[in-house]
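In this text, residue positions in the sequence shown follow our numbering: the first is 40, and each later residue adds one.
Glycine is no exception: its CB is placed at the ideal position from the N, C-alpha and C atoms.
What you are looking at is a predicted structure, and each value in this text was computed from that prediction instead of being measured.
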Amino acid sequence: MKKLVFFILLCICLIGCNRLESKVERNNKLNKIKNYDISKENISPRRRIAIGNIKNYSRFGTQRTDTIVKNILVAELSKTGRFNILKRSELNSILEELAFSKTYSLNDIVAKQKFLNADYIITGDVIKYEINTLGSKTLFSNSKEQQAQATIELEVIDILNGKVWSKIGKGVASYAYDVNLDLRNYGSYGGLEQEAFTAAVFDGVEKIIKEMDKYPWSAIIIKKNGKNIIINSGLDDNLNLGTNLNVYKQGEPVMYRGELLGYEETIVGTAVVKSYLGENAAVLEYKGVDFSLPAVVKLK
Numbered sequence: 040m041k042k043l044v045f046f047i048l049l050c051i052c053l054i055g056c057n058r059l060e061s062k063v064e065r066n067n068k069l070n071k072i073k074n075y076d077i078s079k080e081n082i083s084p085r086r087r088i089a090i091g092n093i094k095n096y097s098r099f100g101t102q103r104t105d106t107i108v109k110n111i112l113v114a115e116l117s118k119t120g121r122f123n124i125l126k127r128s129e130l131n132s133i134l135e136e137l138a139f140s141k142t143y144s145l146n147d148i149v150a151k152q153k154f155l156n157a158d159y160i161i162t163g164d165v166i167k168y169e170i171n172t173l174g175s176k177t178l179f180s181n182s183k184e185q186q187a188q189a190t191i192e193l194e195v196i197d198i199l200n201g202k203v204w205s206k207i208g209k210g211v212a213s214y215a216y217d218v219n220l221d222l223r224n225y226g227s228y229g230g231l232e233q234e235a236f237t238a239a240v241f242d243g244v245e246k247i248i249k250e251m252d253k254y255p256w257s258a259i260i261i262k263k264n265g266k267n268i269i270i271n272s273g274l275d276d277n278l279n280l281g282t283n284l285n286v287y288k289q290g291e292p293v294m295y296r297g298e299l300l301g302y303e304e305t306i307v308g309t310a311v312v313k314s315y316l317g318e319n320a321a322v323l324e325y326k327g328v329d330f331s332l333p334a335v336v337k338l339k
């Protein structure tokens, strides 16, 4: 009788093990990364960002890896509510003209800024992407886990100050499988790639936001007429009427060991936003001493 019961249980187990089904468990760090702090959205104007090329220098990844990462980057920056994403078809030629130099002349910066109407240009490199498969076998099952690791480097060009800095983003994603007997059913490499790079972009964007928040929001003064000044920011950038700004006259570049740290700046007065000029410019009422361009305004 005991042998019969054992035989029946064994048959049930084998029948269950021969099902063409596998369990997929997603285990990545996306849910562990804190939400972006968007509390400043209503009290601070948005910064304008142009997204350049993303290049894949890793050994693996699909032919669409560059496009996938760029799309994720645009989506995540947009979700923060902190930026205006500018799409410029001419951006590639401009970046080639700048030749990715670590320093730019003030005239070049102002010229490119007026053309792009951007505060920052972000480019990126995929410097690591790999998939590893781990697993263990028992009598009736074959457990597998595929883990993808992605590392990206995001390079940020500060158009206003001409400085270049970068942040590294890292992400991990994995699929765990319980595959019955020899019915090998592996997961989608495309799905792993998407999730690993999404986690890496999350990490990189969070670091970029923290770095940018160290500096006050600013805009370039493009015209001065008596008590009125016009800046290249306005309604579309969440710049509210009545916003008070400090006005700075820009001077000589400040260099240290070959690196551009910024420009000499002297505060010359204050200004308040009194009207919009279209969607991307504003007219400010200025109070202070006379000054000549180039000059900028910064949030107090």
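Can you list, in chain order, the residues of its chain whose CB lies under 8 angstroms from that of residue i, leaving out five sequence neighbours each side?
i: residue 204; result: 194, 195, 197 and 250
i: residue 206; result: 192, 193, 195, 243, 246, 247 and 250
i: residue 123; result: 85, 86, 87, 88, 275 and 276
i: residue 316; result: 269, 273 and 322
i: residue 304; result: 287, 288, 289, 290 and 335
i: residue 107; result: 101, 232, 233 and 236
i: residue 113; result: 90 and 124
Taking 8 angstroms as the threshold (C-beta atoms), are residue j and residue i in contact?
i: residue 311; j: residue 302; result: no
i: residue 257; j: residue 199; result: yes
i: residue 285; j: residue 202; result: no
i: residue 235; j: residue 212; result: yes
i: residue 335; j: residue 269; result: no
i: residue 267; j: residue 309; result: no
i: residue 423; j: residue 93; result: Residue 423 is absent from the model: the chain starts at 40 and stops at 339.
i: residue 324; j: residue 241; result: no
On a CA-only basis, which of the options is nearest residue i? Give me that one, please.
i: residue 117; options: 273, 89, 103 and 324; result: 89
i: residue 279; options: 288, 114, 319 and 109; result: 319
i: residue 98; options: 274, 232, 169 and 269; result: 169
i: residue 232; options: 158, 337 and 167; result: 167
i: residue 125; options: 171, 172, 156 and 241; result: 156
i: residue 237; options: 91, 109, 121 and 95; result: 109
i: residue 189; options: 120, 173 and 209; result: 209
i: residue 291; options: 332, 182 and 313; result: 332
i: residue 337; options: 105, 158 and 329; result: 158
i: residue 83; options: 241, 107, 298 and 120; result: 120
i: residue 262; options: 330, 172, 95 and 113; result: 330
i: residue 281; options: 314, 183 and 187; result: 314
i: residue 230; options: 297, 185, 252 and 264; result: 185
Can you check DSSP and say which residues form a bridge with residue i?
i: residue 290; result: DSSP, once it has assigned bridges, lists no residue as partnering residue 290.
i: residue 186; result: 171 and 213
i: residue 267; result: 264 and 324
i: residue 238; result: Residue 238 pairs with nothing; no bridge assigned.
i: residue 204; result: 195
i: residue 244; result: Beta-bridge pairing links residue 244 to no other residue.
i: residue 123; result: 87
i: residue 93; result: 163
i: residue 305; result: 288
i: residue 298; result: 295
Going along the chain, which residues of its own chain have a beta-carbon closer than 6 angstroms to the beta-carbon of residue i, five neighbours each way excluded?
i: residue 326; result: 308 and 309
i: residue 300; result: 293
i: residue 172; result: 185
i: residue 187; result: 170, 212, 231 and 235
i: residue 296; result: none
Excluding the 5 residues flanking residue i on each side, which residues of the same chain have their C-beta closer than 7 angstroms to its C-beta?
i: residue 328; result: 307 and 308
i: residue 105; result: 93, 94 and 95
i: residue 103; result: none
i: residue 255; result: 337 and 338
i: residue 68; result: Low per-residue confidence applies at residue 68: pLDDT is 49, beneath 50, and the placement is therefore not dependable enough to give any value.
i: residue 81; result: No answer about residue 81 holds up, because its pLDDT of 47 lies below 50 and its placement is not dependable.
Shorter than 8 angstroms from the beta carbon of residue i to some beta carbon of chain C?
i: residue 242; result: Going by chain labels, chain C is absent from the structure shown, which holds only one protein chain.
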